[in-house]
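Q: When you number the sequence shown by our numbering, it's gap-free, plus one each residue, and the end is 715. Glycine residues also receive a C-beta, built at the ideal position from the N, C-alpha and C atoms. To start, I am sharing the structure in question, which I have written as structure tokens.
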Amino acid sequence: GYELNDIAIANSTAAYISGYGIVQKTTDGGKSWRLQNPVDDNFTALHLRTEQELWVCGIGGSIFHTNDGGNNWKRQRNGNDVTKPKYELHDIYFIDGQRGWAVGKNGLVIYSEDGGNNWSRFDKFTNEILRSITIAGDGTLITVGDKGSIFKLHIKN
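What follows is the structure, encoded as structure tokens:
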């Protein structure tokens, strides 16, 4: 009865799914699913950095993180906080435990250099909706979006 947006496979039996108002986890290869704590958003993307560390973002701008396989979650950004800018997020990617990026509507790219505690805007370079972000073999971040847009983001190491 709800839409699903993304899936992340942790190992041969564990996986996560995200969707409208939910994040769920399976530990039995998909036979059963258990609700996770992230709430109050349409969760558009998951990024499984390690088997235990997962990042989740939502269309309303929320970001959640777990580093213990979903036992405990931390809300890294509250998309419903009226004191923060309103963001529509479509994907999230962390290259290590500290540095990560999220992309979204109107060319939005935000980044954190402190494990998701604080988020800053990357200099705007497009108005297209950015839908996905990943890292290339050479360490360059690549983001793609509407109208066939593909961009390389040069970051400091």
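Find the nearest neighbour of D660 within the set I580, I575, F680 and N636, judged by alpha-carbon distance.
A: Looking at the sequence provided, one finds Ala at residue 660 rather than Asp. Cα-wise, what sits closest to A660 is F680.
Q: Just to confirm the assignment, what range does the beta strand (DSSP E) spanning L606 have?
A: Following the DSSP letters along the chain, one finds L606 inside the beta strand (DSSP E) bounded by residues F601 to L606.
Q: Would you kindly check if the distance between the Cβ of N595 and the Cβ of E561 is under 9 Å?
A: no
Q: Have a look at W677 and T698 and give me their C-alpha separation to the nearest angstrom.
A: 20 Å
Q: So T584 packs on S576, CB below 8 Å; how close in whole Å?
A: Actually they do not touch by this definition, with Cβ atoms about 13 Å apart.
Q: DSSP on N664, reduced to helix/strand/coil?
A: helix
Q: Quick test of your reading: D649 and S690, contact by CB under 8 Å. State the CB separation rounded to the nearest angstrom.
A: 5 Å
Q: Going by the beta-carbon positions, is the gap between G587 and Q610 smaller than 9 Å?
A: no
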